[in-house]
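Peer 1:
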Amino acid sequence: MTWPRAFREVVRSGLTVEETRLEPLLALRAAAGVAIVIGPALWLVSPAYAASAALGAYSAGGATFQRSWRPRKVVALGAGAGLAVSTFVGYLAAGRLGTFLPLLAVWAFAAGMAWAVGSTAGIVAATTVGSMLVTITLPTSVGRALEHAGIIALGGVTQAVLILLFPIRRWGAHRDALADALAAVADYARRLRHDPTAPFDPEPLMTARDAAAVTPSQARTRPPVLHGPRGIAERMRPVVAALADPDVGAPAEGPGRDRARELLDAAADVLDAAARSIRRGTPAEVRPENTDVLRVDEEHEVLEGPARQAAERLVELLGEALEIAGSCARGRTSTPPGLAGARFLVRPTMLRLVPVVVRSVRREFRRDSPVFRHAVRLAAVATLGYLIAARLPLGHGYWAPIASVMVMRPDFHRTYARAVARLAGTLAGVALATGVVRALGPDAHVSGALAVVSAGLSYTLNRTGYAYSQCFTAAYVVFLLGMGGQTWEQTVPERVVLTLLGGALAMLAYVVFPAWETPRLPGRLADWLAANGRYAAAVLRDYAEPTRERHADMRRALLESREARAAWQEAYDRARQEPVRPRGLTSREAEEAQEALKGFGRAAMLMESHVPRADGRLVPEAERFAEALESDTAKAAVAVREHRNPDWGRVEEALHAWGDAADDGVMAVRREAELQKRALEDLATAVSRTPLERDVDSAREEQRVRATLAAVGDGSGPAHRGG
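Okay, so the sequence shown: first residue is 1 according to my numbering, each after it adds one.
Right, dumping it as structure tokens:
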């Protein structure tokens, strides 16, 4: 992508209105927290204390809108504590550039490394850098600094208390995640009716699994309905795919295909009903005709062989979903069979989270890590922006580094899009606030009320786009400073100029010290290929010897494969938005390789749908094919990283040695193995290179190998098969 096109995409993305469900009650509660701390502080103490209290309450309230599966009150308390500590530490080093700038650089670097833990931690940590930059200008002694830090922490405590006293959809995010997973499988079933090889994005299932991990205290209060349905969605995905697939399931045409479409349509309706029931906490409404469709008649069923097995398994799973929906209607819930004794997914408590954070940061502490490079950029821009703004004949110089810190992200596109959005939102917000101030001429109390209203509107629009929430954030700042006695003529021009400076510094920093994803695509693709190979091999081994241990190995391999796919997808999406020439993989090669690996993973998923039980028909031939598959995909992953052609020699030999079998079940497994081999051949076609297409170093290395082989009398053949 060229730079002009990248800038057009950045502007479009930064100003796009995101279609999402607004949460006005949550916004009202967070705005009430801001009002509760501003009012008494303004009435009993001073505007300076009110400003500190507003900073803590506003930032803590904003933190609760970030994606987190922990209780919102914990997030609010953590944000308030972080803001208070950064405020106090910043004051201790204030007044001397020799002490404050190193502190600012170290704190900003640590805030950047917080992205190793997750986006919520990174965003909350960035707000603490802003707090350090703002509040060092307020106190005049250590005692006053402690008071301001305490009042900031009080803002976080106030938000946490409001969340405790007025819970709004306490498990709402978890319910939404689980409902989205069921709805995703329902949508998949409907698409399979028309396209038997339709792709499935596992992200909703991954999100639901992440939401299912709870702390021991959460596990004691989690609604029972959130226990079992995720497992149904996980197990149903390969079953509906196997039923719809014409190679291993229902025939491509005829009564069998019509029956499969009926089952898929009924499955989609039942899953949608269960999703609505879980999301809203209301009784599920399942149409009676769907129940009739889900009866597999022993005498008149038109599906045969593996297709009939898939249909019976689908009906069994949908029966569990109907049981959950019915129990929700009766005011209770039940756990599906097989899950009653299952342990919940454990999320570490705040204290036990410390070693997890340390490991995550250590893993990203390397020069080529996007998180590490983001931390370096954040530290450099924060200090440079502070120095430049201090030399300008403007007040509130801290606005420039704050603008930089708040828009910077570890990737190019989001950094630039947020910079554009922040500037546009700031211009609109200060224009709006200026018009209100000139029309009303408000005093401190009215300015405080207007600041609360602006905060509430900012919270309300938080998820509709950064530019639109930033509009009311800018107005909030203008009213807050007006509450302290500063006129709009002092604040508005400074705010616009310094925001423009901060955004420009953030954008320039990414050009000087980027972390492009484009060069990393071959490595991400190789990781995905190796993970898919381990997953497919684990499924095959379960056919050869279905044991509890092998079932667990298959599950672990599936989760690793999903994580590798998600890492590839994130890198691929970012690379498509970067103004960088392709390195290692062209856009066409990357797209074709992605489709091939999706097909490979889908073939393994089809196999998973027919995995035999302990007393089922074993397939000993699958063991040899599993060994060959895992070995060749591991070697091919290395070849992809080194820009060499992959080789599937062992896979071809194992499949040829498998031969034909009379048993329908064994033949179905072999057909699925053939689908895997075909997908691997498609991958080889996508990434294979002729000698003229390879990079110079690889070509020279091959020439040296050939020369060495020729010197010992055996140099007639190529150094690598297909290479």
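Backbone N, C-alpha and C fix where the C-beta goes; we use that ideal spot for every residue, glycine too.
1. What ranges does the alpha helix (DSSP H) occupy inside the region 29-89, keeping only unbroken runs of at least 4 residues that lie completely in it?
2. So what does DSSP say about V157, is it helix, strand or coil?
3. Going by the beta-carbon positions, is the gap between S458 and Y476 smaller than 8 Å?
4. If you draw a straight line from the alpha carbon of R237 to that of A250, how long is it in whole angstroms?
5. Between A444 and the rest of its own chain, which residues show a CB-CB distance below 6 Å, the 5 nearest in sequence each way excluded?
6. Could you check the C-alpha separation between P691 and H643 for me, to the nearest Å?
7. Could you tell me which whole alpha helix (DSSP H) segments of length 4 or greater appear in the region 444-524?
8. For V371, which of V640, L498, W115 has the nearest alpha-carbon?
9. In whole angstroms, give me the CA-to-CA distance for D269 and N290.
10. Within the continuous alpha helix (DSSP H) that includes S360, where are the two ends?
11. For V286, which three-state DSSP category applies?
12. Could you give the C-beta distance for A451 and F479, rounded to a whole number, given that I count them as a contact under 8 Å?
13. Quick check on the DSSP output: the alpha helix (DSSP H) that includes M1 runs from which residue to which?
14. Quick one: what does DSSP say V214 is sitting in, helix, strand or coil?
15. Is DSSP giving V142 helix, strand or coil here?
16. Decide if I163 is buried, meaning its Cβ has at least 16 other Cβ atoms within 10 Å, or exposed.
17. Skipping 5 residues on each side, what residues in its chain have a beta carbon closer than 8 Å to that of W528?
18. Sort F344, G601, R190, D201 by Cα distance to V214 and report the nearest one.
19. I need the straight-line Cα distance from E301 to A684, nearest angstrom please.
20. Helix, strand or coil for V619? Go by DSSP, reduced to three states.
21. Over the uninterrupted alpha helix (DSSP H) stretch that includes D201, give me the two end residues.
22. If we count the other Cβ atoms within 10 Å of its Cβ and call it buried at 16 or more, is F200 buried or exposed?
23. State whether the region 638-653 contacts the region 273-289, with contact taken as three or more CB pairs (one from each stretch) at a distance under 8 Å.
24. Within 8 Å, do at least three Cβ pairs link the region 181-192 to the region 218-237?
25. When you compare the CB positions of D245 and T197, do they come within less than 8 Å of one another, or not?
26. Could you check whether A76 and T64 sit closer than 8 Å to each other, using their CB atoms as the reference points?
27. Check each candidate in Y468, L351, V10, A108 and name the one with the smallest Cα separation from E19.
28. Evaluate contact between the region 81-99 and the region 119-131, counting only Cβ atoms and requiring at least three cross-stretch pairs below 8 Å.
29. What does the alpha-carbon distance come out to for the pair E549 and G254?
30. Going by the CB atoms, is the gap between P204 and A181 shorter than 8 Å?
31. Please identify the residue among H227, R308, R588 whose C-alpha is closest to the C-alpha of R259.
32. Measure the Cβ-Cβ separation of L427 and V405 and say whether it is below 8 Å.
33. Count the other CB atoms, across all protein chains shown, that sit within 10 Å of the CB of H610; report buried if there are 16 or more and exposed otherwise.
34. Please report the straight-line C-alpha distance between A382 and G78, rounded to a whole angstrom.
35. Going by the beta-carbon positions, is the gap between L264 and A310 smaller than 8 Å?
36. Is the beta carbon of H413 less than 8 Å from the beta carbon of V10?
Peer 2: On the basis of the data shown:
1. 47-63
2. Residue 157 sits at position 157 when you count from the first residue of the sequence shown. Here V157 sits in helix by DSSP.
3. Indexing the sequence shown from 1 puts residue 458 at position 458. Indexing the sequence shown from 1 puts residue 476 at position 476. In contact: S458 and Y476 (Cβ atoms closer than 8 Å).
4. Translated into the one-based positions of the sequence shown, residue 237 becomes position 237. Translated into the one-based positions of the sequence shown, residue 250 becomes position 250. Distance between the alpha carbons of R237 and A250: 16 Å.
5. Position 444 of the sequence shown, counted from the start, is the residue given in the question as residue 444. Result list for A444: P47, M483, in chain order.
6. Reading the sequence shown from its first residue, position 691 is the one you call residue 691. Reading the sequence shown from its first residue, position 643 is the one you call residue 643. Confidence in P691 is poor, its pLDDT being 47 and thus under 50, which makes the residue's placement unreliable; the coordinate value appears in the next sentence. About 11 Å.
7. 444-460, 466-483, 488-512
8. Against the sequence shown, residue 371 aligns to sequence position 371. Among V640, L498, W115, the Cα nearest to that of V371 is on W115.
9. On the sequence shown, residue 269 is found 269 positions in, with the first residue counted as 1. On the sequence shown, residue 290 is found 290 positions in, with the first residue counted as 1. Taking the straight line from one Cα to the other gives about 8 Å.
10. Taking the sequence shown and counting its residues from 1, the one referred to as residue 360 is at position 360. Unbroken alpha helix (DSSP H) run through S360: 353-364.
11. As a working note, residue 286 is residue 286 in the sequence shown. Looking at V286 - three-state DSSP - the assignment turns out to be coil, as it is neither helix nor strand.
12. The sequence position of residue 451 within the sequence shown is 451, counting from 1. The sequence position of residue 479 within the sequence shown is 479, counting from 1. Confirmed, Cβ separation roughly 4 Å.
13. As a working mapping, residue 1 is identified with position 1 in the sequence shown. From DSSP, M1 is part of no alpha helix (DSSP H); its letter is neither H nor E.
14. By 1-based counting over the sequence shown, the position of residue 214 is 214. Strand.
15. On the sequence shown, position 142 is the one that residue 142 refers to. Residue state, collapsed to three classes: helix.
16. To locate residue 163, count along the sequence shown from 1; it is residue 163. By the 10 Å Cβ count, I163 comes out buried.
17. Position 528 of the sequence shown, counting from 1, holds the residue named residue 528. Counting only Cβ-Cβ distances below 8 Å, and skipping sequence neighbours, we find S561, A564, R565, A567, W568, L597.
18. Position 214 of the sequence shown, counted from the first residue, corresponds to residue 214. Closest by alpha carbon: F344.
19. Walking along the sequence shown from the start, residue 301 turns up at place 301. Walking along the sequence shown from the start, residue 684 turns up at place 684. C-alpha separation (whole angstroms): 41 Å.
20. For the purposes of this step, residue 619 is taken as the residue at position 619 of the sequence shown. Three-state DSSP puts V619 in coil, outside helix and strand.
21. The sequence position of residue 201 within the sequence shown is 201, counting from 1. That residue, D201, is in no alpha helix (DSSP H); it is neither H nor E in DSSP.
22. Reading the sequence shown from its first residue, position 200 is the one you call residue 200. Label assigned to F200: buried.
23. no
24. yes
25. In the sequence shown, counting from the first residue as 1, residue 245 sits at position 245. In the sequence shown, counting from the first residue as 1, residue 197 sits at position 197. Yes. Within cutoff.
26. For the purposes of this step, residue 64 is taken as the residue at position 64 of the sequence shown. For the purposes of this step, residue 76 is taken as the residue at position 76 of the sequence shown. Contact flag set, yes.
27. Mapped onto the sequence shown, residue 19 falls at position 19. Closest by alpha carbon: Y468.
28. yes
29. Working through the sequence shown from its first residue, we reach residue 549 at position 549. Working through the sequence shown from its first residue, we reach residue 254 at position 254. Computed Cα separation, rounded: 40 Å.
30. Translated into the one-based positions of the sequence shown, residue 181 becomes position 181. Translated into the one-based positions of the sequence shown, residue 204 becomes position 204. For A181 and P204, yes; Cβs fall inside 8 Å.
31. Stepping through the sequence shown from its first residue, residue 259 is reached at position 259. Checking every option, the nearest Cα to that of R259 belongs to R308.
32. Numbered from its first residue, the sequence shown carries residue 427 at position 427. Numbered from its first residue, the sequence shown carries residue 405 at position 405. Cβ distance not < 8 Å, so L427 and V405 don't count as in contact.
33. Here residue 610 corresponds to residue number 610 of the sequence shown, with the count starting at 1. Buried is the call here.
34. Locating residue 382 in the sequence shown gives position 382, counting from the first residue. Locating residue 78 in the sequence shown gives position 78, counting from the first residue. Approximately 23 Å between the Cα atoms of the pair.
35. As a position in the sequence shown, residue 264 is number 264, starting the count at 1. As a position in the sequence shown, residue 310 is number 310, starting the count at 1. Not a contact, by the Cβ cut-off of 8 Å.
36. Start at 1 with the first residue of the sequence shown, and residue 413 comes out as number 413. Start at 1 with the first residue of the sequence shown, and residue 10 comes out as number 10. Contact flag set, yes.
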